[in-house]
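Protein chains in written order, with our numbering: chain A, 1 to 171; chain B, 172 to 753.
Note that CB positions come from ideal geometry on N, CA and C, so glycine has one too.
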Amino acid sequence: MHVHRFERLWLVAALAMIVLFIGTVTYGAVGAGYGMVDDTGGQVDPTDATASENFREPGVYNGSEPGHYDVYIEAKQFLFVPGTSDPVRVPANSTVTFHVTSTDVVHGFEVVGTNINTMAVPGQVATITVEFDDPGQYGLVCNEYCGSGHHTMEGSLEVVPPGQFNKSEVN
Amino acid sequence: MAHPHRSEQPQAYEADETSLKDRLAFIDRYPNAARITRLCMGVSFTALTIGALLGIVQALHRTNVFRGVISSADYYSVLTGHGVLLALFFTIFFLTGIFTWGTSRSLGMGLPSPGFSLGWFLLMLSGAVMTATAIFGGLVGQIPFSADVLYTFYAPLQAHPLFYAGLAAWLVGTWLAGADWIRTYYHWRQDNPNERIPLQVFMIMTTMLMWYIATLGVAVEVLVFLLPLSLGLIDSVDPLLTRTLFWFFGHPVVYFWLMPAYFAWYTVLPKLSGGRLFSDPLARVVFILFLILSTPVGFHHQYADPGVPEGFKFIAMTNTMFLLLPSFLTAFTVVASMEYGARQRGGTGYLRWLKALPWGNPAFAGCALAGMMFAAGGFSGIINAGMNINSLIHNTLWVPGHFHLTVGTASALTMMAISYWLYPQITGKRLQFYGVAQIQPYIWFIGMGLMSNAMHRAGLAGVPRRTAEPQYQQFDFAPVLGSMPEMRLQIAIGGTLLTLGALMFVLVMVGTWLAERGRGRLRVDSHLPEPISGASDSPRVLDNVKLWFLIAVVLVAIAYGFPIYSMVADGAFNPAAPPFPV
Numbered sequence: 001m002h003v004h005r006f007e008r009l010w011l012v013a014a015l016a017m018i019v020l021f022i023g024t025v026t027y028g029a030v031g032a033g034y035g036m037v038d039d040t041g042g043q044v045d046p047t048d049a050t051a052s053e054n055f056r057e058p059g060v061y062n063g064s065e066p067g068h069y070d071v072y073i074e075a076k077q078f079l080f081v082p083g084t085s086d087p088v089r090v091p092a093n094s095t096v097t098f099h100v101t102s103t104d105v106v107h108g109f110e111v112v113g114t115n116i117n118t119m120a121v122p123g124q125v126a127t128i129t130v131e132f133d134d135p136g137q138y139g140l141v142c143n144e145y146c147g148s149g150h151h152t153m154e155g156s157l158e159v160v161p162p163g164q165f166n167k168s169e170v171n
Numbered sequence: 172m173a174h175p176h177r178s179e180q181p182q183a184y185e186a187d188e189t190s191l192k193d194r195l196a197f198i199d200r201y202p203n204a205a206r207i208t209r210l211c212m213g214v215s216f217t218a219l220t221i222g223a224l225l226g227i228v229q230a231l232h233r234t235n236v237f238r239g240v241i242s243s244a245d246y247y248s249v250l251t252g253h254g255v256l257l258a259l260f261f262t263i264f265f266l267t268g269i270f271t272w273g274t275s276r277s278l279g280m281g282l283p284s285p286g287f288s289l290g291w292f293l294l295m296l297s298g299a300v301m302t303a304t305a306i307f308g309g310l311v312g313q314i315p316f317s318a319d320v321l322y323t324f325y326a327p328l329q330a331h332p333l334f335y336a337g338l339a340a341w342l343v344g345t346w347l348a349g350a351d352w353i354r355t356y357y358h359w360r361q362d363n364p365n366e367r368i369p370l371q372v373f374m375i376m377t378t379m380l381m382w383y384i385a386t387l388g389v390a391v392e393v394l395v396f397l398l399p400l401s402l403g404l405i406d407s408v409d410p411l412l413t414r415t416l417f418w419f420f421g422h423p424v425v426y427f428w429l430m431p432a433y434f435a436w437y438t439v440l441p442k443l444s445g446g447r448l449f450s451d452p453l454a455r456v457v458f459i460l461f462l463i464l465s466t467p468v469g470f471h472h473q474y475a476d477p478g479v480p481e482g483f484k485f486i487a488m489t490n491t492m493f494l495l496l497p498s499f500l501t502a503f504t505v506v507a508s509m510e511y512g513a514r515q516r517g518g519t520g521y522l523r524w525l526k527a528l529p530w531g532n533p534a535f536a537g538c539a540l541a542g543m544m545f546a547a548g549g550f551s552g553i554i555n556a557g558m559n560i561n562s563l564i565h566n567t568l569w570v571p572g573h574f575h576l577t578v579g580t581a582s583a584l585t586m587m588a589i590s591y592w593l594y595p596q597i598t599g600k601r602l603q604f605y606g607v608a609q610i611q612p613y614i615w616f617i618g619m620g621l622m623s624n625a626m627h628r629a630g631l632a633g634v635p636r637r638t639a640e641p642q643y644q645q646f647d648f649a650p651v652l653g654s655m656p657e658m659r660l661q662i663a664i665g666g667t668l669l670t671l672g673a674l675m676f677v678l679v680m681v682g683t684w685l686a687e688r689g690r691g692r693l694r695v696d697s698h699l700p701e702p703i704s705g706a707s708d709s710p711r712v713l714d715n716v717k718l719w720f721l722i723a724v725v726l727v728a729i730a731y732g733f734p735i736y737s738m739v740a741d742g743a744f745n746p747a748a749p750p751f752p753v
């Protein structure tokens, strides 16, 4: 089969680029330690999420070591609990694991302007671990269509200076 | 280069026959195939008209420019209509039309049974009407139908049973259409035992085989889970399993939109440029790669899904990146064929040859502009495919920004452009409003440039897709490039131009449809010249479609076998989520 010289060159360059892209993603996972949302959060009963050990009453909990926190967030039409009526509050200089599930339909959980972005699927718990170095204010938004009030489903996340974070805020 | 099968025949005889055939329009030679193509295109363009009108309502509503048509709660009925009518009905009725034409044209024979062909068309049409009825019922309070589930219909959101039943009927119609073309090929094969498969039929068969594999996922999702759920026969489904089945189908459907465009770029565009296709063998390689790699990539739509192990996402990512290869090869061939055409027309220089191309011919201009935008869409798609960087833009406005370049331009604008060339041949009527047709591709190009760049940038700022409101109460978006009002304005103006572009196209088509037959020359030349490097230059194994089909099935089994098994192992309906009708 005759392949033109330029086309062979193009083919090799395209393949090199593809391998490079796969390489960058692999580096992100292995080198930079970017953890994808996966199946580690386990499953729950969508109609009774707290019945299983994989999910707790929504709120902020102390993590396995000092400076680590676990935040359990329930997404439902058209609220984040916590997040919508009360902001999620965590201290700066902390490592936070979000555990997100939905108790009705599929929702999205996006911390606006960051790469904290996961689906909230009924029956599954999404876990994302992130580090908050500095205090700041973030919006929460549902980025998957979830019904006629979808556009009202929002909330906020406050990363407060460690001195302003009260121990009583932790469950 | 040797052409053994051809050298056995007297050259002059074949040339005579070709020129005689070329004097007749397609409609004169294959009246039945022309009729089926016309019917498919009629439905396709009707869906385009409605979908485009819904598009402008959305563009103006969500940018807060004009909100007088619908409420924000009804926005999602409109969005469902826009998605289903354009992504499924406009594109795929067009596909069935152009593939019917391509089958008859390249095999030189009509479809074997007019009744069967009309049958699959009517089945597809009735399915489409049922689904559309369920969707638009949502806009009328007194009608008990609604299907505000969007184009992806993720369970446990639940539509009226009519929505799912219509989709199922329509899908079976597409299967029968594929069977019709493949059957025609086997008829041809009996009389031509040693010929290479004609290129257009080769493309049609590989595309349809991909479709048969891919639609298995959505067929199981709809028939086993969603339709019984909506009828109340079962009381819950596993949302993750149904999502996975959807995306088993949901990525290859992208190639089902693109393949008619590739089909046109490979087999018609080189001729419109004034030249010939650069390489037939590489065109075959590209379609084989699409058959093999289109399906085992669906998990790249589920990078952000819990419950799917990272390893399966990684396999999907790798396959997705390799899917870039056939598109890169296409970019080369298309540009090389255009350059060859331009030089045949007297073009010279490194880039000055571009000026020698027929930019005033709407069929050429539309295809070329669509190809250019596809390159931009391809690069934004690489970001989507990058497993970790995707987290920045997953489910943001970036994503519709991306697919309006791909399906919304590469496919849609090519389909419109090719219609300017093909519609006169299947009606025997001269194209009307030629001046409107000439500027239409440019209107589309400008409109999409405005809308899509702003959507991409808004996505980078975190603006979600699929929402009726431009802003939120508890926070403001902080864009990196540009300002929110500027982006909203570009989206509104771009969306308006796109709807205008669609209506200009429909005006040309309706005008031509209503025109009198036999008045004036058709102004199109249907002859498709032989490629510079023909099929006989390639190994025969390329035509072993069964082998490629088998490899595709094996790859799908590797990518999906274990994940689906593990989702089903704990019970196909577990975790059990009850339905939420919308």
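> Would Ser288 of chain B be called buried (16 or more neighbouring beta carbons within 10 Å of its own) or exposed?
Replying inline: buried
> With contact counted as at least three CB pairs below 8 Å, one residue from each stretch, are the region 641 to 654 of chain B and the region 611 to 631 of chain B in contact?
Replying inline: yes
> Going straight from the alpha carbon of Asp70 of chain A to that of Pro87 of chain A, what length do you get?
Replying inline: 15 Å
>> With a threshold of 8 Å between beta carbons, is Arg367 of chain B in contact with chain A?
In response: no
>> Please confirm whether Val753 of chain B has its beta-carbon closer than 8 Å to some beta-carbon of chain A.
In response: Closer than 8 Å: yes.
> Which one or two residues does DSSP pair with Pro91 of chain A in a beta bridge?
Replying inline: A:Val160
>> Our contact map puts Leu412 of chain B next to Ala743 of chain B with C-beta atoms below 8 Å; I'd like the distance itself, whole angstroms only.
In response: 7 Å
>> Looking only at its chain, what residues have a beta carbon closer than 8 Å to the beta carbon of Gly537 of chain B, apart from the 5 residues adjacent to it on each side?
In response: Leu584, Thr585, Met587, Ala588, Ile589, Tyr591, Gln611, Pro612 and Trp615
> What does a CB cutoff of less than 7 Å around Val255 of chain B pick up in its chain, not counting 5 residues either side in sequence?
Replying inline: Thr302, Ile306 and Tyr322
> For Met1 of chain A, is the classification buried or exposed, using 16 other Cβ atoms within 10 angstroms of its Cβ as the cut-off for buried?
Replying inline: exposed
> Per DSSP, Asn62 of chain A forms a beta bridge with which residues?
Replying inline: Among the bridge pairs identified by DSSP, Asn62 of chain A is matched with A:Tyr69.
> How far does the alpha helix (DSSP H) with Tyr138 of chain A in it reach, from first residue to last?
Replying inline: If you look at Tyr138 of chain A, you'll find it isn't in any alpha helix (DSSP H); it sits in the beta strand (DSSP E) that goes Gly136 to Val141.
>> Among B:Asn561, B:Glu392, B:Asp351 and B:Gly531, whose alpha-carbon lies nearest the alpha-carbon of Ala29 of chain A?
In response: B:Asn561
> Grouping DSSP H, G and I as helix and E and B as strand, with all else coil, what is Asn484 of chain B?
Replying inline: Correcting the residue identity first, residue 484 of chain B is Lys in this sequence and not Asn. Helix, per DSSP.
> Listing by chain order, which chain B residues have their CB less than 9 Å from the CB of Ala29 of chain A?
Replying inline: Glu481, Phe485, Met558 and Asn559
>> Which runs of the beta strand (DSSP E) at least 3 residues long sit entirely within the region 1 to 87 of chain A? Give them in chain order.
In response: Runs of the beta strand (DSSP E) spanning 3 or more residues and lying entirely within the region 1 to 87 of chain A occur at 59 to 62, 68 to 76 and 79 to 81, in chain order.
> With 8 Å set as the bound, which would you pick, yes or no: does the beta-carbon of His68 of chain A sit closer than that to a beta-carbon of chain B?
Replying inline: no
> Considering only residues of the same chain and omitting the five flanking positions on each side of Gly682 of chain B, which have a CB-CB separation below 8 Å?
Replying inline: Hits under 8 Å: Gln603 and Phe604.
>> Determine, for His232 of chain B, whether the minimum Cβ-Cβ distance to residues of chain A falls below 8 Å.
In response: no
>> Please identify the residue among A:Glu110, A:Gly113, A:Pro135 and A:Ala75 whose C-alpha is closest to the C-alpha of Asn93 of chain A.
In response: With respect to the C-alpha of Asn93 of chain A, the residue from A:Glu110, A:Gly113, A:Pro135 and A:Ala75 having the closest C-alpha is A:Pro135.
>> Between the alpha carbons of Phe550 of chain B and Leu404 of chain B, how many angstroms are there, rounded?
In response: Those two C-alpha atoms are separated by around 45 Å.
> Which one of B:Ala747, B:Asn745, B:Thr345 and B:Thr220 has the shortest CA to CA distance from Leu257 of chain B?
Replying inline: B:Thr220
>> the ligand MN and Val393 of chain B: does any heavy atom of the ligand fall closer than 7 Å to the residue's C-beta?
In response: The ligand MN is not part of this structure, which contains no ligands at all.
> Roughly how many angstroms separate the alpha carbons of Ile18 of chain A and Met492 of chain B, rounded to a whole number?
Replying inline: Approximately 6 Å, taken between the alpha carbons.
> Going straight from the alpha carbon of Leu699 of chain B to that of Tyr437 of chain B, what length do you get?
Replying inline: C-alpha of Leu699 of chain B to C-alpha of Tyr437 of chain B: approximately 11 Å in a straight line.
> What is the rounded straight-line gap between the Cα of Val545 of chain B and the Cα of Ala728 of chain B?
Replying inline: Residue identity check: residue 545 of chain B is Phe in the sequence provided, not Val. Near 30 Å, if we compare the C-alpha coordinates of Ala728 of chain B and Phe545 of chain B.
>> Using a Cβ-Cβ cutoff of less than 6 Å, which residues in the same chain neighbour Ser465 of chain B once the five nearest sequence positions on both sides are dropped?
In response: So the list reads Met381, Pro423 and Tyr426, once near-sequence residues are dropped.
> Which ranges does the alpha helix (DSSP H) cover as unbroken runs of at least 4 residues, wholly within the region 430 to 507 of chain B, from first to last along the chain?
Replying inline: 440 to 443, 451 to 464 and 481 to 493
> Looking at the structure shown, is Gln124 of chain A part of a helix, part of a strand, or coil, going by DSSP?
Replying inline: strand
> Rounded C-beta distance between Leu460 of chain B and Asp351 of chain B? I'm assuming under 8 Å.
Replying inline: Actually they do not touch by this definition, with Cβ atoms about 26 Å apart.
> Can you find a CB in chain A that lies within less than 8 Å of the CB of Glu510 of chain B?
Replying inline: no
> Since Glu657 of chain B is in the beta strand (DSSP E), which residue starts that stretch and which ends it?
Replying inline: Run containing Glu657 of chain B: none in the beta strand (DSSP E); it sits in the alpha helix (DSSP H), Met655 to Leu685.
>> Please state the DSSP three-state secondary structure of Leu602 of chain B.
In response: Note: Leu602 of chain B maps to coil in three-state DSSP.
> Nearest chain A C-beta to Ala475 of chain B closer than 8 Å, yes or no?
Replying inline: yes
> Who are the neighbours of Met488 of chain B on chain A, taking C-beta pairs under 8 Å?
Replying inline: Ile22 and Val25
>> Rounding to the nearest angstrom, what Cα-Cα distance links Phe676 of chain B and Ile375 of chain B in this structure?
In response: 26 Å
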